[in-house]
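Trainee: Once you've had a glance at the structure underneath, I'll fire off some questions.
4 protein chains.
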Amino acid sequence: MLLDELREVRRRSEALIAPLEPEDLMLQGMADASPPKWHLGHTTWFFDTFVLQPHTEGFEACDPLWSYQFNSYYEAVGARHPRPQRGLLSRPAIHEVLAWRQKVDEGLEDLLQNPPPEVTSLVELGLNHEQQHQELLLMDVLDGFHRQPLEPAYSAHAELTVQVGPEDWLPCTGGLTEIGHTGEGFHFDNEVPRHRVWLEPFELSSSLVSNTAFAEFIADGGYERAELWMSEGWALVQQNHWQAPRYWRGDDEEFTLAGRRQRDPQAPVRHLSWFEADAYARWCGARLPNEAEWEHACGLHGNALQHANRVLWQWTSSAYSPYPGFRPAAGAIGEYNGKFMSSQMVLRGSSWLTPVGHERTSYRNFFPPSSRWMAAGLRLAR
Amino acid sequence: MLLDELREVRRRSEALIAPLEPEDLMLQGMADASPPKWHLGHTTWFFDTFVLQPHTEGFEACDPLWSYQFNSYYEAVGARHPRPQRGLLSRPAIHEVLAWRQKVDEGLEDLLQNPPPEVTSLVELGLNHEQQHQELLLMDVLDGFHRQPLEPAYSAHAELTVQVGPEDWLPCTGGLTEIGHTGEGFHFDNEVPRHRVWLEPFELSSSLVSNTAFAEFIADGGYERAELWMSEGWALVQQNHWQAPRYWRGDDEEFTLAGRRQRDPQAPVRHLSWFEADAYARWCGARLPNEAEWEHACGLHGNALQHANRVLWQWTSSAYSPYPGFRPAAGAIGEYNGKFMSSQMVLRGSSWLTPVGHERTSYRNFFPPSSRWMAAGLRLAR
Amino acid sequence: MLLDELREVRRRSEALIAPLEPEDLMLQGMADASPPKWHLGHTTWFFDTFVLQPHTEGFEACDPLWSYQFNSYYEAVGARHPRPQRGLLSRPAIHEVLAWRQKVDEGLEDLLQNPPPEVTSLVELGLNHEQQHQELLLMDVLDGFHRQPLEPAYSAHAELTVQVGPEDWLPCTGGLTEIGHTGEGFHFDNEVPRHRVWLEPFELSSSLVSNTAFAEFIADGGYERAELWMSEGWALVQQNHWQAPRYWRGDDEEFTLAGRRQRDPQAPVRHLSWFEADAYARWCGARLPNEAEWEHACGLHGNALQHANRVLWQWTSSAYSPYPGFRPAAGAIGEYNGKFMSSQMVLRGSSWLTPVGHERTSYRNFFPPSSRWMAAGLRLAR
Amino acid sequence: MLLDELREVRRRSEALIAPLEPEDLMLQGMADASPPKWHLGHTTWFFDTFVLQPHTEGFEACDPLWSYQFNSYYEAVGARHPRPQRGLLSRPAIHEVLAWRQKVDEGLEDLLQNPPPEVTSLVELGLNHEQQHQELLLMDVLDGFHRQPLEPAYSAHAELTVQVGPEDWLPCTGGLTEIGHTGEGFHFDNEVPRHRVWLEPFELSSSLVSNTAFAEFIADGGYERAELWMSEGWALVQQNHWQAPRYWRGDDEEFTLAGRRQRDPQAPVRHLSWFEADAYARWCGARLPNEAEWEHACGLHGNALQHANRVLWQWTSSAYSPYPGFRPAAGAIGEYNGKFMSSQMVLRGSSWLTPVGHERTSYRNFFPPSSRWMAAGLRLAR
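Protein chains in written order, with my numbering: chain P, 1 to 382; chain H, 1 to 382; chain F, 1 to 382; chain W, 1 to 382.
Right, here's the structure in full:
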C-alpha cells in the first residue's frame, strides 16, 4: 500500500509539469519560489539522500554537484546552491532529471519489497514532503506566470471554483482543552507533543471571508488607514503600494492558474498577507483565531468547518513556535520544521492546491506574515 | 507628588547628557538608534502634543516643523522625519531644545496645579515614556560610541558591576494561573487584560547566564554549529560574522559605557540577540521561559528572582502578541504599543539602565529577535 | 546579394542555439546579459519594427506585448520590459519565436525584391545589429554557464585556439592624422565624422598580452597593490575579491565555451576589465593606446596588427564620446549608439566571437570599465 | 611670504566654521560629503603626515587612530575610516581638533623658518589642498542644510549675487595649439605635461547659461524627453525624479547658503549634473566645449571670459584622463589626482566659493557626471 502511494505521488508530480513549456521549467519568479524542474529534482534528492543512500547497500548516490544543487536547506548534508539563484540552473536538463527520478523510483520499489520500519517512516516522510512540493510548484508557477506580460495560463482545470457560504458564528466553549496530533497516522514533528491549553469561550465564523467582503474593506479605505494596521504591515503597504490582494487585477479581474479571468464576488478572498488578514479583521471588529482555538473548533464543529478547510489555508494569530516539549527528529531530518520557528505565523487548514489526503486538523503550515503567494485566505473569530 | 515626579524625571533626562560633547548630541549610530538631542526633543514633543495642546487653553503649540522632526511614529499626528535620518538634524541646536523643554515644563507645572483626571493619566504616561527614552538614550550612546575608533567613554559610573550568583533551579508548579497587570498603579496598555493561562510544571534558573558560561558555548563551536540555531538566526550569524555578543572585544575585553575594559567572567552575559539566547539554551539542554512562566515564577519566587531582574532584560520564548481581549487606547496614544505586535519577541524584567521604579513584574518589553543593542541577557528554564 | 547576406545572417543566429538545451534558452546570468531566446526575438523585433512596419503596406505588426518584451532600449518605440527581468520571460516559447522569425524573414524577402534605398540601409543596419547580438549571445551563454555548478560546455568548436606571437614594438609616427570611417561601406553612426587628430610619436606592441605575462603581474602582487590601480578599480577589486581574469579557475584552468579546460599559457589573456588592463599596463611601465593611436597604427602596420585584431577586442585609454560634429540618425534609430556616450571606454578590433566580415578598422565598441564578460584583451602602447 | 600664506589659509579655514552651531560640525548629509569638523581635521592631518612627520626631527606624529580617522583616501598611508561613516565621528571634539591645528601650525611655522625646497613644495601643496577643502566644506554645509526641515542659513554674506551678461559668441581659431600648465607657479600634477592638441575652429559663449534660459528648457519638457539625454542620465532622471537643478525649490525659490530665497532669473543656473548640462546643450542646438577648447579660448579671449570663470565651475565634454606623458608624483602624494582618472568629467574655471587666488586657467577640476552638489554651471560652445 505504501508502494501504491509512492507510485501515485511520484507520478502526480510529473503530471504537474505536463501543461508547461520547456522554458517554464526554469522559471523562478522570486527568491522565495523555485523553478518547477527544481521541485522535481529536490523531491528526488530527498529520497536519494535520506532513504536510498543510507538504506540500500551498493546504491550509487547522485553526483555531489546534483546534491549541491538540489539540497534545499539541510545544513547537515552540506553546502547548497543559493536559493535565489535556482533559476540559473539550466542544467541538468529535464530529461536528465526525469531519468534520475526513474532510477530513484526503481531503488525505492526494490527497497519497499521488505522495508525495515525506519525506512517505512522515511518514505512516508518523503511522500508527504513531495506532496508539499506539489503545492509549492503550483504556487510558484502562478507567481512566475503573473510576472509575465503575456499572462500565460497553466490549466483551466487548476482553478478554484467554490463560493463562500452564508456566515454563521459557531459558539465554542472554552476551558482546558488539548491540541496536537493524536493517533497512529503520519504527522510532522511540529504537530506534537499534544498538550493542554486553556481557552476562553469564543465564536468562529462558519465561512471564509469573500471577495465582496474584502472589497468593502478596500472601498472603506482599508489600505489607506494606518490605524488598521500593524506598523510593520503599514510599512509594507507603503513600500510595495499594496492596494488589493496579490492577484487582483483591475476592478473585477484576477490572475489565476487559468490565466486572467473575472473575479467571482462570492469566492473566498485569497493570496493576502497576514497583515492584510489582520487589518481586515480589525476593520470589521473581529479578530483572527489563534491556532488552539482553530483546532479546538474543528473538534466541536467538524462538519461545519470541514469544507472550507479544504479550500484555503487560514491565517491564525499564532506565531509559529514549538509546542511545549517539542524535540526535532535526530539528524538532518530534524531540520525539516524545527529551525523555522521564528518570525513566521501559523496557517491552518489546507487549500484546493493541497493534494487530497495530505490535509490534517493538526497540520501546522507557516509563512512569514508578509507572504502572499500561498493559497491563503481568512476565517474570523470573535 | 506627580509634580515632584515630573520634576525629577525631566531633570534626570537633562542630567544624562552632561557627560557628552556637543557633537555627541547629533550621533546616530544606526537607523534603530536616535541621537541624544532627539530623545530630549521627542519626550518634550510628547507632552507638548498629547498634554499641553489639547488641555491648556491658549497654549502655543510647537512649530509644525519641530513636530515633524520630533514625532517618532504616530501616524495620527501626521507625517514624520524619516527615522534613519535623525542624525542629520543638526538644528534645532541643543540650546533651543533645552529652552523648549523649559517652556513645556512650565506649562506642565501650571497644568498640574489642578489637573483633571485624564491629564493626570496622560502626564503619567508621558513620564513613563520619558523613562523609556532615558534607557534608550544610554543604549544609543553606547551604540554610537562603539562605532568610533577612539572608543569614547560615557561615564565610569554608568557601568554595570554585578556578578551572577550560584545557579539554582527553582521549581514552579503548573496549572491554571493568571498573568497581566493587576491593581491600581500605572501600567502600559499591553499588560492587560489580566487573563488565565494553563502552565505545565517547570523549573526556572535563579540566576542569569554568565560570561564564563557563554564563553564555553563559544569554545564549543556555538557560533559554528548550524544545528543549534533557528534558520533565520544562522543566516544572521553568517551574514554579520557574529562570533560573540555585540560588545565583546578580543579575548577578554568588552566595550561599555565606561569605555573599553576587562570583561568580568562572573558578570552576566549581555547584548545578545534572541537567536543567540535561543541557541545557547538549546546547546545546554535547556530553553527560554515563555512570558507566562516568567511572570508566574515571579509570583512564586519573588525574592530569589528580584535582584537579577533589575540587572538585565531577559529574552522569553514568547512572540509579542496581544493579550486576549486587548484593546489599544483611543486616539494617537493607541499607537503606543499595539501596532508593534508582530515579528518581535517579549523581554521581561528590566536592566541597570532602567530608571528605578520604572520596572514591573507585568512589564512587557519587546524587540525584534535580531536586536542586540539593548541591555538584554538570558535566564534559562527547563 | 543583400538577400543572400540576410539569409546567411538570419540562419546563423538560429544555428547558434543548436547546441543548447531548451532550458538554456531562458538563462540570464546577470542583468547585463540576456537569454538566448531573447536575442532571437529582439533581432527579429528590430526588423519587424524598423523595417517591415514602416515599409510594408499591410504588414501585421507583432503583438504590442511582444514589442514590449523584445524592445531593448528604444525610448521612442515605447515602454520596455525591465532588462534585469528578461530571464523571467518563459513565454513566448521558442517555437513561437522561431515561427515569428520565419514570418519576418518572409516579409523581408518580399520587400527586398525591389527595395527603396532607405530600406536597403535599414536592412543593412538590422543585419549588423543581428551580428552584434550573435556575439552577445555567445558572451551571455558563457556567463550563464560559468555560474552553474555543472559547468556545461557550449561546444568544443567554439573555443579560441590561438597563441600570442613574439612581441615587437612597432614605431608609429605622430603628427596630424585623420580617424573615422571613410569610403562607401556600411558603418555605424559613431564612426563618423572622420576628423583630424594630433598625435605624438608612439610605439604599439605587435602582440596581445599573454596569459603568462598576466600571471606574472598576479604573482608580483598585481591585485594587492593599490598603487597600480585607479581608485574606482581598486574598490572593485576589494568588493568583488578579484584575483584574476573573470574565467580563470584554479592554478591553470579556465572556463570557456568548451567547458572547463587547461589554460594555454601562450594564449592571449582575456575577459578582464578596463581597470585590470590599465593596472597591468602601469605595472609593466607601458600604457593603453588611445583610440586614435590604435586606428592610426592600423594604417601604418596593417599586416602586423591584423591577425590579433580578430582575436580579442582591445581596451583603449579613450572614454567613449562623440566625434567632433557627430549627429545621431533621426528617429528611434538615433538611439543606437549616441545615447551611450558617457561612463564607457572604447574597445577596438574584434574577437573570435565576432561574425566574420563584421569587423572594421574604424569600429568603436564600448563597455563600462568594470565589464569583464566581453571577449576583451589588451595590447600595449608606449 | 609662504608663511603669510600659511597663516592666512589656515586662519580662513577656522573662520569658516564661525557661523555654525556645534552640532553642525558633525553633519554629513551624504556619503560624498564630509562634516565640517572632518575637513578641519583632514587638512591638518595632511600637514602632519606629509610635511611634519617626514621633515621635522622629533615631531610627535598624531595618534594613529586620528590618522585612521582623518586620512581621506591615501592607500599608501594605511587603512582609513570608511568615508560614508565620517558623520559618526563625534570624537575628537572640535576643541581637540582646534588644539591639534594649533600644534601643527606651530610645527609648520618652525619648519618654515628655513625650509628645504621639498618642504616648500609640500607646504604649497598642503595649502592648495586646504583651499580645496574650504570650498568642499561650504558645498557640504549647503548639502547638509538643504536636507533639514528647518532650512538653516549659513550666512547671508556667503551667497552669490551676480547676473549673467548678454550672450556673445566668441570666435575661436582652430589649428595646432598647446594646453597644460606653463610657467613657474604652483600647479597640480594633473595639469601637466603641457602638450599639443589639434582643434577645429569653434565658438564659445561669452556668458554662462542663466536661470531663465534653463527654465525654458524645463518648460519645453526638458526633463521629460528621453531623446535629449544620455541613457545613463535619463535613468537618473527617472530614478531620482529630477525635475530641476538640485537646489531649486518651488516655482521661483532656491536653497542657498543664505537659506531659502527668491531665485534671481538673471543669475547663472547652478548645481546641475553633467547630464543636465549636456541635455540642455543638446536642446538648444549647441554643445559643451571640451577642455582643450575651453583653455584655448581663455588664451584668445581672456578678458571676455575671466569674470564668469570666477563665478561657477563649468562642465566640459572631456572625460577626466591623464595628459599624454602624465606621471603621478612619487609616494603617497601621487594618489592626489592620478588615481581618479576614470568615470569622471572635467570642469574648468572656478566658483564664488573658491578661495581667491586658487583659480588657474589650466586648473582641472573633476566630478562624476551625476554629481550636483558642486558650484557648477555651464557655458556653451558650438
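Every residue gets a Cβ at the ideal spot worked out from N, C-alpha and C, and that includes glycine.
Computed from a predicted structure; not experimentally measured.
1. On a Cα-Cα basis, can you pick out the residue from F/A79, F/G302, F/N71 and F/P322 that is closest to F/L50?
2. With a CB to CB cut of under 7 Å and the five nearest residues on each side skipped, what residues in its chain are close to W/Q134?
3. I need the DSSP call for W/Q314, collapsed to helix, strand or coil.
4. Report buried or exposed for W/M230, applying the criterion of at least 16 other Cβ atoms within 10 angstroms of its Cβ.
5. If I'm right that F/L112 touches F/L3 with Cβ under 8 Å, what's the distance once you round it to whole angstroms?
6. Note down, in chain order, every chain W residue with its Cβ under 8 Å from the Cβ of F/E191.
7. Give a yes or no on whether the minimum CB-CB distance between P/R196 and chain H is below 8 Å.
8. What are the partner residues of P/F367, as DSSP defines its beta bridges?
9. Just the Cα atoms here: how many angstroms apart are F/F255 and P/R83?
10. So H/Q148 and W/L300 are in contact, right, with Cβ under 8 Å, and what is the actual spacing, rounded?
11. Considering just the uninterrupted stretch of the beta strand (DSSP E) at W/R379, what are its terminal residues?
12. H/I333 bridges to which residues according to DSSP?
13. Quick check: what's the CA-CA separation for P/T44 versus H/S207?
14. Please say whether P/Q53 and P/A61 have beta carbons closer to each other than 8 Å?
15. Helix, strand or coil: how does DSSP classify F/C298 here?
16. Does H/I17 come within less than 8 Å of chain W when only Cβ atoms are used?
17. Given that H/L199 touches chain W, what residues does it touch there, using C-beta distances under 7 Å?
18. Please report how far the alpha carbon of P/V311 lies from the alpha carbon of P/S351, in whole angstroms.
19. Which value, in whole angstroms, describes the spacing of the CA atoms of W/P245 and W/L138?
20. Measuring CB atoms only, is the region 187-206 of chain P touching the region 362-382 of chain P, in the sense that at least three cross pairs come out at less than 8 Å?
21. Anything in chain H within Cβ reach of W/Y154, meaning under 8 Å, just list it in chain order.
22. Three or more C-beta pairs closer than 8 Å, one from the region 164-179 of chain F and one from the region 292-309 of chain F: is that the case here?
23. Between P/V141 and P/S210, is the Cβ-Cβ spacing less than 8 Å?
24. Skipping 5 residues on each side, what residues in its chain have a beta carbon closer than 7 Å to that of F/M374?
25. Ignore the nearest five residues each way along the sequence and tell me which others in P/H358's own chain have a CB closer than 6 Å to its CB.
26. Return the residues of the region 54-88 of chain H that lie within a Cβ-Cβ distance of less than 7 Å from chain W, sorted by chain order.
27. Pull up the DSSP beta-bridge partners for F/L199, would you.
28. Indicate whether at least one CB of chain C lies closer than 8 Å to the CB of W/L204.
29. Which residues in chain H have a C-beta closer than 8 Å to the C-beta of P/K37? List them in chain order.
30. Cβ of F/D105 less than 8 Å from any chain P Cβ?
31. For W/W385, does the three-state DSSP call read helix, strand or coil?
32. Check the DSSP bridge columns for F/Q262 and list the partner residues they point to.
33. Excluding the 5 residues flanking H/G174 on each side, which residues of the same chain have their C-beta closer than 8 Å to its C-beta?
34. Against W/L176, what residues of chain F qualify as contacts under a CB-to-CB distance less than 8 Å, listed in chain order?
35. Using a Cβ-Cβ cut-off of less than 9 Å, list which residues of the region 125-144 of chain F approach chain P; keep chain order.
36. Between H/G41 and H/V77, is the Cβ-Cβ spacing less than 8 Å?
Mentor: Reading it off the structure:
1. Within the third sequence, numbered from 1, the residue matching residue 50 of chain F stands at position 50. Checking the sequence shown, residue 50 of chain F turns out to be Phe, not Leu. For F/F50, the nearest C-alpha among the options comes from F/N71.
2. On the fourth sequence, position 134 is the one that residue 134 of chain W refers to. Within the same chain, W/Q134 has close Cβ partners R12, S13, L16 and P355.
3. Indexing the fourth sequence from 1 puts residue 314 of chain W at position 314. Strand at W/Q314.
4. Counting from one through the fourth sequence, the residue named residue 230 of chain W turns up at place 230. Buried, since its Cβ has 16 or more Cβ neighbours within 10 Å.
5. The sequence position of residue 112 of chain F within the third sequence is 112, counting from 1. The sequence position of residue 3 of chain F within the third sequence is 3, counting from 1. For F/L112 against F/L3, the beta-carbon gap comes to about 5 Å, under 8 Å, which counts as contact.
6. Along the third sequence, one-based indexing puts residue 191 of chain F at 191. Near F/E191 there are no residues of chain W at all, since even the closest Cβ is about 18 Å away, more than 8 Å.
7. Position 196 of the first sequence, counted from the start, is the residue given in the question as residue 196 of chain P. Yes, P/R196 counts as interfacial toward chain H.
8. Stepping through the first sequence from its first residue, residue 367 of chain P is reached at position 367. Per DSSP, the beta-bridge partners of P/F367 are P/M345.
9. Here residue 255 of chain F refers to the residue found at position 255 of the third sequence. Here residue 83 of chain P refers to the residue found at position 83 of the first sequence. Per the coordinates, the alpha-carbon of F/F255 lies some 23 Å from the alpha-carbon of P/R83.
10. The residue labelled residue 148 of chain H in the question sits at position 148 within the second sequence. The residue labelled residue 300 of chain W in the question sits at position 300 within the fourth sequence. Contact between H/Q148 and W/L300 fails: their C-beta atoms lie close to 54 Å from each other, not under 8 Å.
11. Counting from 1 along the fourth sequence, the entry for residue 379 of chain W is found at position 379. Note, W/R379: beta strand (DSSP E), R379 to A381.
12. As a first step, residue 333 of chain H must be located in the second sequence, where it is residue number 333. Paired residues: none, contrary to the question.
13. Residue numbering aside, residue 44 of chain P sits at position 44 when the first sequence is read from its first letter. Residue numbering aside, residue 207 of chain H sits at position 207 when the second sequence is read from its first letter. CA-to-CA, the gap between P/T44 and H/S207 works out to about 49 Å.
14. By one-based count along the first sequence, residue 61 of chain P stands at place 61. By one-based count along the first sequence, residue 53 of chain P stands at place 53. For P/A61 and P/Q53, yes; Cβs fall inside 8 Å.
15. As a first step, residue 298 of chain F is located in the third sequence; it is residue number 298 there, counting from the start. Judged by DSSP in its simplified three-state form, F/C298 adopts helix.
16. Position 17 of the second sequence, counted from the start, is the residue given in the question as residue 17 of chain H. Residue contact with chain W for H/I17: absent (no Cβ-Cβ distance below 8 Å to any residue of chain W).
17. For the purposes of this step, residue 199 of chain H is identified with residue 199 of the second sequence, where counting begins at 1. Ordered by position in chain W, no residue passes the 7 Å Cβ test against H/L199, which lies about 46 Å from the chain.
18. One-based indexing of the first sequence puts residue 311 of chain P at position 311. One-based indexing of the first sequence puts residue 351 of chain P at position 351. Across the structure, P/V311 and P/S351 are spaced so that their CA atoms are roughly 4 Å apart.
19. As a first step, residue 245 of chain W must be located in the fourth sequence, where it is residue number 245. As a first step, residue 138 of chain W must be located in the fourth sequence, where it is residue number 138. Spanning the two alpha carbons is a distance of roughly 18 Å.
20. In short, these stretches touch, since the Cβ pair count reaches three.
21. The residue given as residue 154 of chain W occupies position 154 in the fourth sequence. Those within 8 Å of W/Y154 in chain H number zero; the least Cβ separation is about 11 Å.
22. Three or more beta-carbon pairs drawn from the region 164-179 of chain F and the region 292-309 of chain F are found closer than 8 Å, and the two stretches are therefore classed as touching.
23. Counting from 1 along the first sequence, the entry for residue 141 of chain P is found at position 141. Counting from 1 along the first sequence, the entry for residue 210 of chain P is found at position 210. Contact: no.
24. Reading the third sequence from its first residue, position 374 is the one you call residue 374 of chain F. In chain order, M139, W313 and F367 place their CB closer than 7 Å to the CB of F/M374, counting only its own chain and leaving out the 5 sequence neighbours on each side.
25. As a position in the first sequence, residue 358 of chain P is number 358, starting the count at 1. When the five nearest sequence neighbours on each side are left out, the beta carbons in the same chain lying within less than 6 Å of the beta carbon of P/H358 are those of Q131, in order along the chain.
26. If the cut-off is 7 Å between Cβ atoms, the region 54-88 of chain H has L65, Y68, Q69, H81, G87 and L88 near chain W.
27. As a working note, residue 199 of chain F is residue 199 in the third sequence. F/G175.
28. In the structure shown, chain C cannot be found, because the protein chains are P, H, F and W.
29. The residue you call residue 37 of chain P lines up with position 37 of the first sequence. Against chain H, a Cβ distance below 8 Å from P/K37 picks out nothing, because the smallest value is about 24 Å.
30. As a first step, residue 105 of chain F is located in the third sequence; it is residue number 105 there, counting from the start. For F/D105, the nearest beta carbon of chain P is not closer than 8 Å to its own beta carbon.
31. Any property of residue 385 of chain W remains undetermined from this structure, which presents chain W solely from 1 to 382.
32. Start at 1 with the first residue of the third sequence, and residue 262 of chain F comes out as number 262. Paired residue(s): F/E253.
33. Your numbering for residue 174 of chain H matches position 174 in the second sequence. The residues W198, L199, E200, P201 and F202, in chain order, have a CB closer than 8 Å to that of H/G174 in the same chain once the five nearest residues on each side in sequence are set aside.
34. By one-based count along the fourth sequence, residue 176 of chain W stands at place 176. Taking a Cβ-Cβ threshold of 8 Å, the residues of chain F close to W/L176 are L176 and W198, in chain order.
35. For the region 125-144 of chain F, residues whose beta-carbon sits nearer than 9 Å to a beta-carbon of chain P comprise G144.
36. Along the second sequence, one-based indexing puts residue 41 of chain H at 41. Along the second sequence, one-based indexing puts residue 77 of chain H at 77. No, the pair does not count as a contact, with Cβ atoms beyond the cut-off.
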